[in-house]
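Working notes, beginning with the structure itself.
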Amino acid sequence: MSPRDARPEEPAAAVGSVEVVQSVEPETAAPAAPARPGTHFHISRRKQGDPKPHFQNFEIEVEPGATVLDALLQIRRRHDPSLVVRHSCMHAACGTCGVRINGREALACDTKLATLPTHKPIKVEPLANQRPVADLATDMVDFYARLDAAAMPLLRASETAGGATPPENIKAFARFENCIECGLCLSACPIARTNHDYIGPAALAAAARVVEEPRRHDLGPVLALAAEPDSVWRCRDAIECTAVCPSSVDPARALLTLRRHVAANGARRFLARR
Amino acid sequence: MTTNDRPGDGGRPEPAPTEKVRPPRPKRARSSAVARSVAAAASIAAPEPVAPPAPAPHVLIIGGGGTGGALAHDLALRGLRVTLVERGEVTSGSTGKHHGLLHSGARYATTDRAAAIDCITENKILRRICPGSFEENDGLFVALTDEDVEFEKQFVEACWLCAVPTKRLGREAALRMEPGLNPNLRFAYQVPDATMDAMRVPLRFMATARRNGADIRPFTEVVAVTMTGRTVSGVRVRDHAAGRDYEIGADIVVNAAGPWAARVASLAGVNVPVVASPGVLVAVRGRHVNMVVNRLHAPGDGDIVLPQRLRTVVGTSSWIADDPDELAVRAADVELIVRESAALVPAVARAEVTATWSAARPLVQAPVPAARKRVATRREAATAPAAPAPAGAGRGLARDLRCFDHATDATPTEGFVTIAGGKATTLRAMAEAAADVVCSKLGLALPCRTTDIVLLPHSAWYSA
Ligand SMILES: Cc1cc2nc3c(=O)[nH]c(=O)nc-3n(C[C@H](O)[C@H](O)[C@H](O)COP(=O)(O)OP(=O)(O)OC[C@H]3O[C@@H](n4cnc5c(N)ncnc54)[C@H](O)[C@@H]3O)c2cc1C
Ligand code: SF4
Ligand code: FES
């Protein structure tokens, strides 16, 4: 319940303003030397029907404190309204703005430009292991198919501890699950890259939550799913999922928990059969 | 009404593609578990729309925020053919950026009784039709100063008139519930506020609408309104995902573009008195409260603190902006908000700021006509006039929801309706108001059915 560390606040600035030079290059070439100081973006573009993506370069002036999402929206507003990018909440809550920034999965709204290296253009690409919609947007349909498969009663609220007494009319304080369903973990997962049937980190983490805190759920189907060939045993412990997760879900640890339960369940069933 | 005079779909050109915006999904071997789940998701029972009059009139909605999404659901349930176009991702306007408070109405009881009654009514309905989408932890109105103490009587009376339940808590009791509160508080009132996920609640409306046949197209921007004389016949859109323009014909076009409503209306040469009134919100690290914490005073700046998962979000401020696309995050507002909210929950002052952003309220500036049918029936309890709104840009204006049938404008425009104002909490009521106007324009007596039908889970929006 307490702030982790009291860092000084960032200067909260008006986002975006100064005019911009835009250089459009058809192919993957890195941008030429800047015409004038600014932040360079190297953005993956692909309209529906394009056989493959290409990169386009933009150079814009951003305000201090701006995030990658602020910059992308500034490009969309002032330079290229056709840039397709998913976003909604602007504060790492909705999970829609996941992209790969310099090759690494991150929420665009949760990545301050000031934290990125300045000596090279900022490369922004759509998430991997998902179907493209256009430009930076991907279709989350496969991700949700996996989550639903994990039998996660979606939008489960967990109870919070913390020494507080809930009001009389409320049994226990509720809290939404940490997972914001952004799909960063699935994009970063090396197994999902080669095996499209792998159930993936977020879904396994959801299954682990159900197993650890079953409430009144029948665990049979969840454990059976986890025991399927493309499930817990497929993971090779790359831990990329936990590294990129923006919401402290720690799918890698959840997966270990689940393995223990699956193994125990398997042993019980084996013994029962004998 | 002229829209009925037009034969069928109006005989207008409709080169609109029949396929959806989503690209055809490549066939791919799926694990049995995933495939099973897709099949299962597709079989979740969706409420049946009423039998449509054949051929069903076509309504085109501009704007995929909460209002447009709820309207698509309402009209689809009434059996109409619905297409919704949204220029970005759905909920990428004000809806996804709001504070996340399912209002009990207490905040508005002293200044805007109509809005307060709408809020408590919708608060109860949404809990019923969106189970699981709220942290139902209630809210507190906390008195800190002598001025706040003086405000008590007015607050309690106003809540009573609006049927917003309140319960008085002494200092100790309030601190037991929320140990993070300013220990110098005097007393607090408990009200049925709750928190919500700003995107997922509207997604449930959209998922259900789509299951009932509504065609919802993200990344599709209206660039022109097509007209025959002063009658709107459809829209011209730019599909940003495919990179092409096309036209969509419609019997009625509904402008649900929130703070962009005036801009969209101007495409049809129509004036609507909707302005963008932005406010700043600040997210800080750490979950410092479980309940919604409000200041017990007339609505002001930085007086709401609420939890969102592992963070605390505090807000907000209010001004009028010329351009809803260029909303500054005013540094002075951030400072003020953090200071004011830290008076309620001191830990906010020490917490790391993780995000600051602005969103715009779609604010209706027209005087509210005396006879507002839908509202009048709900307001029987509130007979006395509400206290005058506090001065100050933005917040003093009427904040109620309004539906404009532009056929009744000084220069009438047929086939065009604007719905604006309200709050995220009142999305369903806004949709009902607009759908009633649409049906009456079409000469159809189709009842609203959205108050009792439980919506599909938000994940159904993403099902194939
Ligand atoms: C700071 C702040 C905090 C708030 N907090 C709360 C709260 O806690 N609880 C609450 O109940 N309410 C809250 N509100 C109010 C709430 O956010 C709004 O009332 C509500 O989101 C409005 O929804 P809407 O669908 O009408 O508008 P929007 O969500 O803005 O939807 C309009 C849509 O139209 C689209 N559009 C615009 N032009 C075009 C075009 N040409 N073609 C296609 N699409 C177009 C936009 O992209 C946008 O998505 C808050 C508001 C603000 C500003
Ligand atoms: S587990 Fe983390 S990374 Fe994966 S979807 Fe959930 S929040 Fe995103
Ligand atoms: S916009 Fe919501 S998580 Fe980034």
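Chains as they are written, first to last, in our numbering: chain A, 1 to 274; chain B, 275 to 738. Note that CB positions come from ideal geometry on N, CA and C, so glycine has one too. All of these numbers come straight from a predicted model, not from anything done at the bench.
For the beta strand (DSSP E) containing residue i, list its first residue and its last residue.
i                      : result
residue 527 of chain B : 526-529
residue 493 of chain B : No beta strand (DSSP E) contains residue 493 of chain B, which DSSP labels as neither H nor E.
residue 631 of chain B : 627-638
residue 739 of chain B : Coverage of chain B is limited to positions 275 through 738, which leaves residue 739 of chain B absent and any answer about it impossible.
residue 586 of chain B : 585-589
residue 74 of chain A  : Here residue 74 of chain A belongs to no beta strand (DSSP E); instead the alpha helix (DSSP H) covers 68-78.
residue 481 of chain B : Not the beta strand (DSSP E): residue 481 of chain B falls in the alpha helix (DSSP H), residues 474-485.
residue 227 of chain A : Here residue 227 of chain A belongs to no beta strand (DSSP E); instead the alpha helix (DSSP H) covers 220-227.
residue 40 of chain A  : 39-45
To the nearest angstrom, how far is it from the Cα of residue i to the Cα of residue j?
i                      : j                      : result
residue 759 of chain B : residue 217 of chain A : Only positions 275 to 738 of chain B appear in this structure, which leaves residue 759 of chain B out of reach.
residue 246 of chain A : residue 106 of chain A : 7 angstroms
residue 154 of chain A : residue 732 of chain B : Here the model assigns residue 154 of chain A a pLDDT of 48, short of 50, so the residue's position is not dependable, and the following value carries that caveat. Each residue's alpha carbon lies about 8 angstroms from the other.
residue 203 of chain A : residue 684 of chain B : 56 angstroms
residue 536 of chain B : residue 435 of chain B : 34 angstroms
residue 441 of chain B : residue 577 of chain B : 20 angstroms
residue 89 of chain A  : residue 705 of chain B : 22 angstroms
residue 112 of chain A : residue 65 of chain A  : 6 angstroms
residue 257 of chain A : residue 266 of chain A : 14 angstroms
residue 125 of chain A : residue 597 of chain B : 29 angstroms
residue 427 of chain B : residue 587 of chain B : 29 angstroms
residue 726 of chain B : residue 351 of chain B : 12 angstroms
residue 208 of chain A : residue 406 of chain B : 20 angstroms
residue 166 of chain A : residue 173 of chain A : 6 angstroms
residue 239 of chain A : residue 231 of chain A : 15 angstroms
residue 487 of chain B : residue 81 of chain A  : 29 angstroms
residue 709 of chain B : residue 348 of chain B : 7 angstroms
residue 259 of chain A : residue 101 of chain A : 32 angstroms
residue 304 of chain B : residue 69 of chain A  : Residue confidence is low: residue 304 of chain B scores 43 on pLDDT, short of 50, so the model does not pin down where it sits. Its coordinate-derived value is still stated next. Taking the straight line from one Cα to the other gives about 33 angstroms.
residue 103 of chain A : residue 118 of chain A : 15 angstroms
residue 714 of chain B : residue 421 of chain B : 48 angstroms
residue 185 of chain A : residue 607 of chain B : 35 angstroms
residue 582 of chain B : residue 176 of chain A : 8 angstroms
residue 674 of chain B : residue 236 of chain A : 56 angstroms
residue 737 of chain B : residue 467 of chain B : 31 angstroms
State the start and end residues of the unbroken alpha helix (DSSP H) segment that holds residue i.
i                      : result
residue 55 of chain A  : No alpha helix (DSSP H) contains residue 55 of chain A, which is instead part of the beta strand (DSSP E) from 54-60.
residue 468 of chain B : Per DSSP, residue 468 of chain B belongs to no alpha helix (DSSP H); it is in the beta strand (DSSP E), 468-470.
residue 714 of chain B : 701-716
residue 398 of chain B : 387-403
residue 347 of chain B : 340-351
residue 242 of chain A : 240-244
Where the region 451-470 of chain B meets chain A: residues whose CB sits under 8 angstroms from a CB there: Using a CB distance below 8 angstroms, the part of the region 451-470 of chain B facing chain A consists of 451, 452, 453, 454, 464, ordered along the chain.
Cβ-based contacts, 8 angstroms cut-off: residues of the region 568-590 of chain B near chain A: Within the region 568-590 of chain B, the qualifying residues are 581, 582, 583, 584, 585, 587.
Contact set between the region 707-720 of chain B and chain A, restricted to residues whose Cβ is under 7 angstroms from the partner: Among the residues of the region 707-720 of chain B, none has a Cβ less than 7 angstroms away from any Cβ of chain A.
Residues of the region 81-100 of chain A with Cβ closer than 7 angstroms to any Cβ of chain B, in chain order: So the list reads 82, 84, 86, 87, 88, 89, 90, 91, 92, 93, 94, 96, given in the order they occur along the chain.
Residues from the region 367-381 of chain B in contact with chain A, defined by Cβ distance under 7 angstroms: Residues 370, 371.
Contact set between the region 54-74 of chain A and chain B, restricted to residues whose Cβ is under 7 angstroms from the partner: Listed by position along the chain: nothing, the set is empty.
Given 8 angstroms, three or more beta-carbon pairs between the region 466-482 of chain B and the region 78-96 of chain A: The region 466-482 of chain B, when compared against the region 78-96 of chain A, does touch it at the 8 angstroms Cβ threshold.
The region 181-192 of chain A: positions lying closer than 9 angstroms to chain B by Cβ: Residues passing the 9 angstroms Cβ filter: 181.
Three CB pairs or more closer than 8 angstroms across the region 524-539 of chain B and the region 562-573 of chain B: Too few Cβ pairs lie closer than 8 angstroms, so no.
Validate contact between the region 386-406 of chain B and the region 501-511 of chain B using beta carbons, cut 8 angstroms, 3 pairs: With a cut-off of 8 angstroms on Cβ pairs, the region 386-406 of chain B is not in contact with the region 501-511 of chain B, counting fewer than three such pairs.
4 or more residues per run - each alpha helix (DSSP H) lying fully within the region 397-445 of chain B: For the region 397-445 of chain B, whole alpha helix (DSSP H) runs of length 4 or above, ordered along the chain, are 420-435.
Inter-stretch contact (C-beta, 8 angstroms, three-pair minimum) for the region 342-360 of chain B and the region 590-604 of chain B: Inter-segment contact for the region 342-360 of chain B and the region 590-604 of chain B is absent: fewer than three beta-carbon pairs are separated by less than 8 angstroms.
Chain A contacts from the region 406-434 of chain B (Cβ-Cβ distance under 7 angstroms): Taking 7 angstroms as the Cβ-Cβ cut-off, the region 406-434 of chain B approaches chain A at 406, 407, 409, 410, 411, 412, given in chain order.
In chain order, each beta strand (DSSP E) run of at least 3 residues that lies wholly inside the region 91-158 of chain A: For the beta strand (DSSP E) assignment, the uninterrupted runs of no fewer than 3 residues enclosed by the region 91-158 of chain A are, from N- to C-terminal side, 98-101, 104-107, 122-125, 131-134, 137-139.
Under 9 angstroms (Cβ pairs) to chain A, residues found in the region 626-637 of chain B: Hits within the stretch, in order: 626, 627, 628, 629, 630, 631, 632, 633.
Any beta strand (DSSP E) of 3 or more consecutive residues that is wholly inside the region 166-212 of chain A: For the region 166-212 of chain A, whole beta strand (DSSP E) runs of length 3 or above, ordered along the chain, are 174-176.
Entirely enclosed beta strand (DSSP E) segments - the region 597-621 of chain B, minimum 3 residues: Counting only runs of 3 or more residues that sit fully inside the region 597-621 of chain B, no beta strand (DSSP E) segment turns up.
Cβ contact (3+ pairs, closer than 8 angstroms) linking the region 365-374 of chain B and the region 391-402 of chain B: Too few Cβ pairs lie closer than 8 angstroms, so no.
Sufficient close CB pairs (3 or more, under 8 angstroms) joining the region 354-362 of chain B to the region 493-505 of chain B: Yes, the region 354-362 of chain B is in contact with the region 493-505 of chain B.
In chain order, each beta strand (DSSP E) run of at least 3 residues that lies wholly inside the region 541-566 of chain B: Counting only runs of 3 or more residues that sit fully inside the region 541-566 of chain B, the beta strand (DSSP E) segments are 548-559, in chain order.
Where the region 108-140 of chain A meets chain B: residues whose CB sits under 9 angstroms from a CB there: Under the 9 angstroms Cβ criterion, the region 108-140 of chain A contributes 109, 110, 131, 132, 133, 134, 135, 137, 139, 140.
Contacting positions in the region 504-524 of chain B - beta carbon closer than 7 angstroms to chain A: Listed by position, the residues of the region 504-524 of chain B near chain A (Cβ gap below 7 angstroms) are 514, 515, 516, 517.
Chain B contacts from the region 236-253 of chain A (Cβ-Cβ distance under 8 angstroms): Of all residues in the region 236-253 of chain A, 247, 248 have a Cβ within less than 8 angstroms of some Cβ in chain B.
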